[in-house]
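Protein chains in written order, with the working numbering: chain A, -19 to 307; chain B, -19 to 307.
Number of protein chains: 2
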Amino acid sequence: MPVQQKALVTGAAGFVGSNLVDHLLETGWEVVALDNFSSGQREFLVDAARHPQFKLIEGDVLDRPTLDRAVQGCQWVFHFSANADVRFGLNHPFRDLEQNTIATYHLLEAMRAQNVKNIAFSSTSAMYGEAEVIPTPENCPLPIQTSLYGASKLAAEGLISSYAEGFGFNACVFRFASVVGKRYTHGHIFDFYKKLKANPRELEILGDGTQKKSYLDVKDCLRGIMKACFEGQAKYERPRYGVFNLGTTTYCQVSESAGWISSEMGLEPKLNYTGGRQGWIGDNPFIYLDTKKIKSLNWDTSMSIEQAIRGTVRWLAQNEWILERRQ
Amino acid sequence: MPVQQKALVTGAAGFVGSNLVDHLLETGWEVVALDNFSSGQREFLVDAARHPQFKLIEGDVLDRPTLDRAVQGCQWVFHFSANADVRFGLNHPFRDLEQNTIATYHLLEAMRAQNVKNIAFSSTSAMYGEAEVIPTPENCPLPIQTSLYGASKLAAEGLISSYAEGFGFNACVFRFASVVGKRYTHGHIFDFYKKLKANPRELEILGDGTQKKSYLDVKDCLRGIMKACFEGQAKYERPRYGVFNLGTTTYCQVSESAGWISSEMGLEPKLNYTGGRQGWIGDNPFIYLDTKKIKSLNWDTSMSIEQAIRGTVRWLAQNEWILERRQ
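Right, dumping it as structure tokens:
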């Protein structure tokens, strides 16, 4: 990486975003952090705020003047802000479209206006829907969208690749499996932890517990992002546009995960399953990504799913304030 | 089809939309036609307007109250309004997103509010980008979007399939090759015709003339749509969601097409190629759809590409007013 590069991180106070901010600062970047703190946590930027190379802009990714200001002078934009509430998308159908697709458009336009042309984007494995091919490669059969969240991220990918094609942007898109680890603020580990604090004797699990998921620790995730952005060009689908799955080479069942969480908390709850192959409408009962492409860049995970999940539980135990904050 | 069904057609004064309106009226439907006449032509609805089962609503697909009114009492919505200007998408990057994606969201919400749950949607083969597999099947490898138009249509598909999954909508999505025929108002035949009227001795052709395209006559296109919507359920990807390519089983090169157009006009112009494998940025040099799925419903084209293109030229010759209208 050239010395003194400057990056904008959107969603900088979020789970992955704030870890990325720390990582960039540690590796010599100047960082502009943008967040509206609607779901981001100020606590996650406390360390970063002490750094001389850090600047916070409190504002919204839908606000073009804010974006213009935030993007100015940057070489890279790490676009990590999102409405990440997959499960309740149907309760507010505009939210994913607005915050994930339309916001991405405004960001791309701000970048274009300021001649900032490098973008990394946090997409999602949810856009694979109920994948036909498992493990699912980046160029799997065109998936049917089963969630508004997945649809909104796929739409953002389409905008970004069109900007790469039409306006010469250089883009790396990352389709994450579920990411866990330090500053994890939503998802099943969070829900299970919270339920077990309220009632340590029983745990209700949505679905039949056989849903298979792949979990990646945020540290491994960030190493993958950096590899792909700065060493991955040869692996791009198009000259200026690369898509990379980021996940583990194994998966676990929700019932196993419930066991590890309980054990890490020193509990032995009775597990009650609500039944059905999906936890909720749009839930993908089997998410497992083919990660050959990112691995060809000499990347690998540094821990097992069990280690990643147990580590996440320990972080939650040390940061129980987050349970109150995120209802 | 049950007697006295009522359908909303959006983009009803457009090329495909107005042909669909006529077809629905001829086959016993009650039709609500919605158009804002930004690119639709009033002349295209002159015949329909004489029909007692026809009602016109002049309004915009982005206007929710208009949509609520238009959708009321319908069993089906044929969503055919679009910004169909693929080539100049980069000149106004918000237009495709707004008119193709966001408009579809508003329409789906109006339908949900009025409990109208059947939708047919005109998507596009442009969303296949530069397809890896040719002929391209509906479940081809996940394509990289190369145009804002394709990206906006794929995004709309994602919204529609999410509504099928989450809200029990019943949806048929059609990925068209280029459609030609009666009331054809834009595309290369239109451009070539216009250029040849201005200068019958020479014709400038964008690209090297080897771009391969598949053209479908609008009548064949409409027969396919009706087959898929009302006989296609068994072929759906998901219980309530089906995607169908609509195209011919052959393709032609732009240079061949230029020859047929010239010959139909009684001209022998010198053909001047601007060069390059694409006509413009985002142009897909080879579009050829795998149509096995729609054919399995006992559908086929009734004419060759040459016949379809020559017929289109004859329609343009009889309706030269459209050349002035569409700049």
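The C-beta atom is built at its ideal place from N, Cα and C for all residues, glycine as well. Computed from a predicted model, the values in this text were never measured in an experiment.
- For residue -10 of chain B, the uninterrupted beta strand (DSSP E) segment begins and ends at -14 to -10.
- The straight-line gap separating the alpha-carbon atoms of residue 70 of chain A and residue 5 of chain A is approximately 37 Å.
- Annotation for residue 15 of chain A: the continuous beta strand (DSSP E) segment containing it runs 10 to 15.
- Approximately 7 Å separates the beta-carbon atoms of residue 288 of chain A and residue 196 of chain A; this is inside 8 Å, confirming the contact.
- Not flagged as an interface residue toward chain B: residue 83 of chain A, since no C-beta distance is shorter than 8 Å.
- With contacts defined as CB atoms closer than 8 Å, residue 163 of chain B and residue 264 of chain B fail to qualify as a contacting pair.
- Restricting attention to A:13, A:135, A:31 and A:25, the CA atom closest to the CA of residue 46 of chain A is found in A:13.
- Chain B has no Cβ within less than 8 Å of the Cβ of residue 289 of chain A.
- Not one beta carbon of chain A lies nearer than 8 Å to the beta carbon of residue 156 of chain B.
- Around the beta carbon of residue 217 of chain B, 16 or more other beta carbons sit within 10 angstroms, so the residue counts as buried.
- When the beta-carbon positions are compared, residue 59 of chain B and residue 102 of chain B come within less than 8 Å of each other.
- Of the residues B:92, B:2, B:19 and B:42, the one whose Cα lies closest to the Cα of residue 26 of chain B is B:2.
- Under DSSP, residue 82 of chain A forms no beta bridge with any residue.
- Straight-line spacing of the CA atoms in residue 188 of chain A and residue 252 of chain A works out to 9 Å.
- Taking CB atoms only, residue 142 of chain B has a neighbour in chain A less than 8 Å away.
- Per DSSP, the beta-bridge partners of residue 38 of chain B are B:15.
- The secondary-structure analysis by DSSP pairs residue 95 of chain A with nothing; it has no beta-bridge partner.
- Chain B has a Cβ within less than 8 Å of the Cβ of residue 89 of chain A.
- Closer than 9 Å at the C-beta level to chain B, one finds these residues of the stretch 211 to 235 of chain A: 217, 218, 221 and 223.
- Excluding the 5 residues flanking it on each side, residue 20 of chain A has same chain C-beta neighbours closer than 6 Å at -7 and -6, in chain order.
- Under the Cβ distance rule, residue 74 of chain A counts among the residues neighbouring chain B, one pair being separated by less than 8 Å.
- Sorting A:177, A:84 and A:212 by C-alpha distance to the C-alpha of residue 246 of chain A places A:177 at the top.
- Contacts between residue 124 of chain B and chain A, judged by CB atoms closer than 7 Å, involve 141, 217, 218 and 221 in chain order.
- At least one beta carbon of chain B lies nearer than 8 Å to the beta carbon of residue 119 of chain A.
- Of all residues in the stretch 177 to 192 of chain A, none comes within less than 9 Å of chain B when Cβ atoms are compared.
- Residue 290 of chain A sits buried, since 16 or more C-beta atoms from the chains shown fall within 10 Å of its C-beta.
- Only residues of its own chain outside the window of five on either side were considered, and among them 64 and 306 have a CB closer than 7 Å to the CB of residue 166 of chain A, listed in chain order.
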